[in-house]
Structures are given as C-alpha cells and as structure tokens.
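This report refers to the structure that appears directly beneath it.
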Amino acid sequence: MSAVPGWLWPGIALAALLACGLLYQAWGTARDRRRYPPPGIRRNGIHLHLRGSTGPWVVLEAGIAASSASWRPVADLLASGYRVLAYDRPGFGWSDARRTPRDIPVLVEELREALDLAGVGEPVLFIGHSFGGLLGRHFCARYPERVAGLVLADPLLPEEWHPASPEQLHRLGRGVMLSRRGAVLARLGVVRLALELLTGGSTRIPKLMARASSSAKGAAITNRLVGEVRKLPADLWPVIGSHWCLPRSFATMAAYLDRLSANCALAPDDEALAGKPLVVISAATAEPHVREGHAALAARSTLGRHLVAEDSGHWIQLDRPDVIAASLKEVTMGMNPRKESA
C-alpha cells in the first residue's frame with residue numbers, strides 16, 4: 000500500500016474536522032430537543048404557549064429576533080387575570096422556518112394564523128416589543144376588529160430605517176452577511192461550541208469569533224447580547240442558547256434584516272388606532288427623537304398615552320415587566336392620563 004501523499008493530509012484533516020463538527024451539531028440538537036421541549040403546543044409548525052384560563056385574551060409579540068421565551072417575566076404577571084398567548088414567529092424559538100419572505104403582509108397573516116390556531120376568536124389586547132410593536136400597528140390596520148387595545152414597548156418607528164442612510168444600509172448588509180455566516184457556523188457546530196464555552200464561564204473563544212466576524216465591535220455586541228439574555232430567569236439561558244445553535248435562527252435573522260428597510264417603507268395606516276386604548280412605552284435609554292416619535296404615536300389615539308419606563312433599557316419586558324403589566328391593566332380598564340413616568 001502506497002503512503003498518502005503529504006499534500007493530502009491537510010485536506011484529510013479538514014474533512015475530519017468538518018465531519019466532527021456536523022456530528023457534534025447533530026448530537027447537540029437531538030440532546031436539546033429532549034432537554035428543552037416546547038412549553039405549549041405546536042400547530043402547523045408554529046409554537047403556541049398559552050397561559051391563564053380566565054379574563055381577556057392577550058397576545059405577546061416579540062422583537063425582531065426574539066422568541067416567546069423573552070416574555071416569561073411579563074406572562075408570569077399576567078397569567079392570573081388574563082388568557083395569554085405567546086408564540087414564536089416562524090424560524091425563531093420552537094417554530095419551524097418558512098421559505099416565504101419576511102415581509103410585513105406575510106408576518107401579519109402569520110399572526111392571524113397563530114390566533115386562529117390557538118382558538119382566539121375575540122378581540123385581543125396586543126403587547127408588542129420593538130419590531131413586534133410595528134407589526135402590531137400593521138395588524139391593527141389590517142384587522143381592526145381583532146384588536147381591543149395595545150401596549151407597545153419601545154416600538155420600532157419606521158422612520159428610523161426608512162429612508163435608510165448609506166451607513167444604515169451598510170450595517171444592514173453586514174448584518175445579513177454575518178447572520179448567513181452564523182448559519183454556516185451553526186451547521187458545523189461552531190456556534191454550539193462557542194455557547195457551551197460561554198455558558199461555562201469562558202469568554203475567550205466567543206470573543207475571538209465575534210472579532211473575526213464583525214470587526215472590533217464584535218466583542219461588545221456579544222457582551223451586550225449576553226447581558227440581555229442574563230436578565231431572563233436563569234433556567235431560560237440554555238433554552239435561548241439552544242435556539243441560537245440552530246442554523247434556521249441565523250437564516251431567519253438574515254431574512255428579517257434583508258427586508259427591514261423595505262418593511263419600514265410600508266408605513267402603517269394608524270387610522271384604526273384612533274379610538275383604541277393605547278399605551279406607548281419608551282425605554283429610559285431611548286434617544287430624545289425616539290421618545291418624541293413614541294409620544295406622537297400615542298397621540299394618534301384619543302385614548303393614547305405615552306410614558307417612560309424608568310430604569311429600563313430597550314428590553315423593557317425584562318427590565319420592567321411590572322410597567323408593562325400596569326400598562327395593560329390601564330388599557331383594560333380605561334386610560335388614566337395623569338402619570339408620565341413609571
């Protein structure tokens with residue numbers, strides 16, 4: 000038997016490494032399915048988590064890349080007095096990905112589908128965070144008869160991303176590229192390995208990956224995201240991590256970023272908000288122009304109010320779930336315009 004030429008060994012080593020990564024990813028994915036089953040039901044590939052048995056229906060709509068798990072602190076406060084539906088948009092959390100573009104009209108119909116699959120026929124109280132707030136405005140415009148009132152937590156304003164500046168377009172393009180790269184790394188088990196090291200206390204390799212992927216800002220982004228996740232109950236940390244070990248999470252994120260500017264070009268018709276109870280909550284860290292935009296949004300309803308959630312960042316549902324719960328109570332019982340902060 001002839002010896003293997005020396006020039007072949009690097010290729011053999013690379014093939015072996017890739018095979019190990021694929022096997023590691025397959026093993027980890029199967030393990031995660033056993034460890035972290037969805038806390039609810041799956042219908043037509045959509046994960047629905049229903050809590051509470053009495054009271055008005057509430058639907059919780061997550062931000063652009065978040066899942067139903069991000070709402071648990073709020074759902075814990077609401078479950079005793081409301082029937083609560085938290086769901087995962089296709090491609091995130093426990094929901095299957097879909098090939099349809101992540102355009103606003105598609106997302107609106109997927110929200111309607113989730114309500115129908117959950118058996119929610121009556122008008123709902125809508126709570127949306129960030130991009131979920133923008134989606135709620137579009138849903139209210141398309142199906143005004145299905146919305147009884149809204150609480151929008153630091154909602155994305157379409158004018159923030161349309162018309163997009165050259166710098167914003169560059170950031171979005173880079174985000175799409177990095178998300179697609181993340182999908183490849185997740186498929187090879189690299190993301191899983193990095194998260195295992197990160198949750199085990201190591202930051203060296205994840206930071207190196209972030210720097211390699213997204214320049215000097217990568218480590219700061221990694222630290223910020225980890226900090227937000229750690230605001231959740233500790234038992235949810237590995238659950239969120241298991242979702243982001245899946246290639247579909249990154250692929251779906253790329254699809255959202257790719258359509259963000261176009262989606263923001265579709266300004267929602269807020270005429271349907273005019274007579275509905277509405278609370279718009281700004282984060283304490285929101286820029287002045289964002290607060291002004293939120294106040295203007297609240298003013299589009301005769302029953303609208305704007306407030307600032309003190310001691311909160313963008314993820315108000317994690318920093319101040321009590322403010323969201325109190326705002327929902329206000330929407331349910333009728334507006335009280337006296338207080339301007341919480």
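For the sequence shown, numbering that gives the first Met the number 0 assigns the number 0 to the initial residue and increments by one for each residue that follows.
Where is the CB? At the ideal position from N, CA and C, for every residue including glycine.
All values reported here derive from a predicted model rather than from experimental measurement.
Within 9 Å (strictly less), CB to CB, does residue i reach chain C?
i           : result
alanine 294 : No chain C appears in the structure shown, which is made up of a single protein chain.
Where residue i and residue j are concerned, what is the direct C-alpha to C-alpha distance, given to the nearest angstrom?
i              : j              : result
alanine 14     : valine 189     : 15 Å
alanine 254    : serine 52      : 36 Å
leucine 135    : valine 146     : Just to set this straight, residue 135 is glycine in the shown sequence, not leucine. The alpha-carbon atoms of glycine 135 and valine 146 are separated by roughly 9 Å.
leucine 363    : tyrosine 81    : Only positions 0 to 341 of the chain appear in this structure, which leaves residue 363 out of reach.
glycine 62     : histidine 242  : 15 Å
isoleucine 323 : threonine 301  : 20 Å
glycine 10     : alanine 185    : 21 Å
glutamate 291  : arginine 170   : 24 Å
serine 129     : tryptophan 314 : 8 Å
Between the options, which has its C-alpha nearest residue i's C-alpha?
i            : options                       : result
valine 278   : Pro55, Leu124, Pro89          : Leu124
arginine 299 : Pro320, Pro276, Trp314, Ala96 : Pro276
glycine 312  : Ala250, Ala2, Ala285          : Ala285
leucine 21   : Ala182, Arg173, Asp269        : Ala182
arginine 180 : Pro165, Glu329, Ala64, Ser248 : Ser248
leucine 231  : Trp26, Gly10, Ser67, Arg33    : Ser67
leucine 192  : Ile45, Ala18, Gln24, Gly10    : Gln24
aspartate 95 : Gly27, Glu195, Arg50, Ile40   : Ile40
proline 122  : Trp56, Trp93, Cys244, Tyr86   : Trp56
glycine 118  : Leu47, Leu272, Pro287         : Leu47
alanine 32   : Gly92, Ala2, Ser79            : Residue identity check: residue 32 is arginine in the sequence provided, not alanine. Taking only the C-alpha atoms, the option nearest arginine 32 is Gly92.
Name the two residues that bound the continuous beta strand (DSSP E) containing residue i.
i                 : result
leucine 187       : It is not in any beta strand (DSSP E) - leucine 187 carries neither H nor E in the DSSP assignment.
alanine 233       : Alanine 233 -> no beta strand (DSSP E), and no H or E assigned at all.
tyrosine 142      : Where tyrosine 142 is concerned, there is no enclosing beta strand (DSSP E), given that its DSSP letter is neither H nor E.
tyrosine 86       : 82–86
phenylalanine 125 : 123–128
isoleucine 45     : 45–50
Less than 6 Å between C-beta atoms, sequence neighbours within five positions excluded: which residues of the same chain meet that for residue i?
i             : result
lysine 338    : Interpretation of lysine 338 is limited by its pLDDT of 45, a score under 50 that renders its predicted location unreliable; no figure is taken from the coordinates.
arginine 42   : Leu116
lysine 328    : none
alanine 250   : Ala182
histidine 305 : Val279, His293, Ala294, Ala297
Once the 5 residues before and after residue i are set aside, which same chain residues still bring their CB inside 7 Å of it?
i             : result
serine 343    : Residue 343 cannot be examined here, being either before or after the span of the chain that is shown, 0 to 341.
aspartate 102 : Arg258, Asn262
Let's see if you can read the secondary structure: which residues bound the alpha helix (DSSP H) around residue i?
i           : result
glycine 292 : 287–297
Ordered along the chain, which non-local residues of its own chain (more than five positions away) have a Cβ less than 8 Å from that of residue i?
i             : result
aspartate 268 : Ala140
aspartate 310 : Ala283, Asp318, Arg319
valine 348    : In the structure displayed, the chain extends from 0 to 341; residue 348 sits before or after that span and is not available.
Take every Cβ of the segment 230–242, pair it with every Cβ of the segment 66–82, and state whether three or more of those distances are shorter than 8 Å.
-> The segment 230–242, when compared against the segment 66–82, does touch it at the 8 Å Cβ threshold.
Is the segment 258–267 close to the segment 157–171, with three or more CB pairs under 8 Å?
-> Judged by Cβ distances under 8 Å, the segment 258–267 makes contact with the segment 157–171, as three or more pairs qualify.
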